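Take the sequence shown: its letter number 301 is residue 301 in the UniProt record's numbering, and every next letter is one higher.
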Amino acid sequence: MDMRRKMNDEGPQPASARSQKWPRAEEGALAAALAAAPTESTADSSRERRPDTERIGFFLVPNFSMMALSSASEPLRAANRVSGKPLYSWHLISADGEPVSSSSGFSLQPESAMTSSIAVDQLFVVASIGVENYRNERVFDFLRRYAATGKPLGGVSLGTMILARAGLLDKRRCTIHWEALKALADEFPSLAVTRDLYCIDGDRLTCGGGTAAIDLMLDVIARAHNHRLAADVADQFLHTRIRASQESQKMAIQWRYGIEDRRIVNAITLMEQNIERPVPVQTLASLVGISPRQFERMWLKHFDMGPSQFYLGVRLKAAQKLLHESTASIFDIAMQCGFASASHLGRCYRKVFDVTPGQERNVKGK
């Protein structure tokens with residue numbers, strides 16, 4: 001599958017570097033309802049190379065997310081179509097120019113390998129699962145050279161981890177997919193890691209991946225052109241609400257569990273925020289303002305289990321994620337998820353999942 005987009009048959013010529021000042025967007029400006037403007041369908045407009053066409057590069061790391069790549073690239077195509085102008089071209093890059101497999105098994109042929117002469121105006125690293133051991137110094141050097149040009153450099157989903165390992169997020173706010181937040185913060189404790197949907201700090205752009213890449217690119221389009229164009233692009237994807245950068249990555253607890261009682265919502269929030277050092281159930285009840293007995297009854301009513309069992313499930317799911325996505329020892333995972341020992345984790349894990357943590361990891365690796 002070839003997702004390259006060339007602006008003419010001979011291939012695009014290098015665009016002159018354009019200054020990107022990235023002004024701070026007014027809070028909530030993108031999310032405001034904007035009147036739709038008449039649009040003209042110009043599906044072929046992107047074929048013609050123009051001097052003001054902005055070239056966007058996507059560096060693909062093996063096992064990248066197709067969802068994240070599509071969410072980042074499709075708004076550019078739609079901006080061309082809606083505006084009737086070739087505002088953007090987009091180009092796939094890999095370490096060696098060879099096809100790169102996505103996490104879903106699709107293989108894409110990049111337009112080029114990484115070289116010092118890559119002529120793109122913005123570059124995004126797209127990565128997903130399996131980057132825990134990614135230490136390609138050639139790639140890191142390539143990214144450092146690109147960053148030295150002063151052009152915008154971004155990370156989509158776990159692409160943020162690649163930028164951090166290249167030393168390109170120092171003194172910058174950044175975000176990453178919520179499942180990798182702890183891993184990023186643990187590996188780089190000095191980084192200003194946020195839980196935001198996406199983050200733009202100077203010439204660094206990061207997002208949590210998935211559909212968050214749509215919101216990031218809509219922001220990019222709005223800053224470069226105007227909010228009306230961004231809103232029209234959003235309409236193309238039935239994206240009825242453009243989310244602000246500071247919004248949460250995860251679905252609200254109310255929707256995830258189908259509950260409305262704020263006391264339970266607050267209790268689950270506390271559980272999810274205290275995995276390594278579990279909060280006693282009586283303390284949780286006190287913190288949300290009800291008696292332990294009432295707390296127990298509420299949990300049985302909504303979840304058909306007690307709060308202690310529910311909390312254990314939250315911690316076991318956290319352990320399962322670490323088994324799948326990290327190389328940490330089972331002992332370390334037990335400590336990170338609030339268990340007294342590896343054997344304690346093993347007993348609880350087997351009771352719920354019918355396999356031991358070691359078996360879980362072995363099955364995942366096959």
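Virtual Cβ for every residue (Gly too), placed ideally from N, Cα, C. Given the structure is predicted, the values throughout are model-derived calculations rather than measurements.
Check                                                                                                                                           : Outcome
Are at least three pairs of beta-carbons, each pair with one atom in the segment 291-305 and one in the segment 241-254, less than 8 Å apart?   : no
Rounded to whole angstroms, what is the Cα-Cα separation between S94 and R138?                                                                  : 11 Å
Decide if S107 is buried, meaning its Cβ has at least 16 other Cβ atoms within 10 Å, or exposed.                                                : exposed
What residues are listed by DSSP as bridge partners for L108?                                                                                   : V100
Can you round the beta-carbon distance between F140 and R165 to whole angstroms, since I take them to be within the 8 Å contact cut?            : 6 Å
Whose C-alpha, out of K301, D201, I221 and S83, is nearest the C-alpha of S73?                                                                  : I221
Out of L181, D52, D170 and D215, state which residue places its alpha-carbon closest to the alpha-carbon of S70.                                : D215
Do L123 and L76 have their C-beta atoms within less than 9 Å of each other?                                                                     : no
Spatial neighbours of I176 within its chain, please: C-beta separation below 6 Å, excluding the five flanking residues on both sides.           : T160 and L184
Residue range of the alpha helix (DSSP H) that C348 falls in?                                                                                   : A342 to F353
Which of the three DSSP states is assigned to residue 369 in this structure?                                                                    : No statement about residue 369 is possible, as the shown extent of the chain runs from 1 to 366 and does not include it.
Less than 9 Å between the beta carbons of C348 and L300, yes or no?                                                                             : no
Consult DSSP for V126 and reduce its assignment to one of helix, strand or coil.                                                                : strand
Compute the beta-carbon to beta-carbon distance between R55 and S89, rounded to the nearest angstrom, for a pair I have assumed lies under 8 Å. : 5 Å
Alpha carbon to alpha carbon, how far is K182 from D203? Give it in angstroms, no decimals.                                                     : 24 Å
Going by the beta-carbon positions, is the gap between S128 and V82 smaller than 9 Å?                                                           : no
Whose C-alpha, out of S245, N63 and A113, is nearest the C-alpha of G97?                                                                        : A113
Using only CA atoms, which one of G209, T283 and D332 lies nearest to M249?                                                                     : Checking the displayed sequence, the identity of residue 249 turns out to be Gln instead of Met. Residue G209 is the option with its Cα nearest to Q249.
Does DSSP classify L153 as helix, strand or coil?                                                                                               : strand
Could you check how far apart the C-beta atoms of D196 and S245 are, in whole angstroms? I think they sit under 8 Å.                            : 5 Å
What first and last residue would you give for the beta strand (DSSP E) that runs through E54?                                                  : E54 to L60
Would you report the Cα separation of A36 and A230, rounded to the nearest angstrom?                                                            : In this prediction, A36 has a pLDDT of 36, which is less than 50 and means its spatial position is unreliable; nothing more can be read from the coordinates.
Kindly indicate which residue of F310, V131, D121 and L92 has the alpha-carbon position closest to the one of G150.                             : D121
Do I275 and R315 come within 9 Å of each other at the CB atom, strictly closer than that value?                                                 : yes
How big is the Cα-Cα spacing for S104 and A68?                                                                                                  : 12 Å
Confirm, please, whether the CB-CB distance from A342 to S329 is below 9 Å.                                                                     : yes
Quick check: the Cα distance between R350 and A318, rounded to an integer number of angstroms?                                                  : 15 Å
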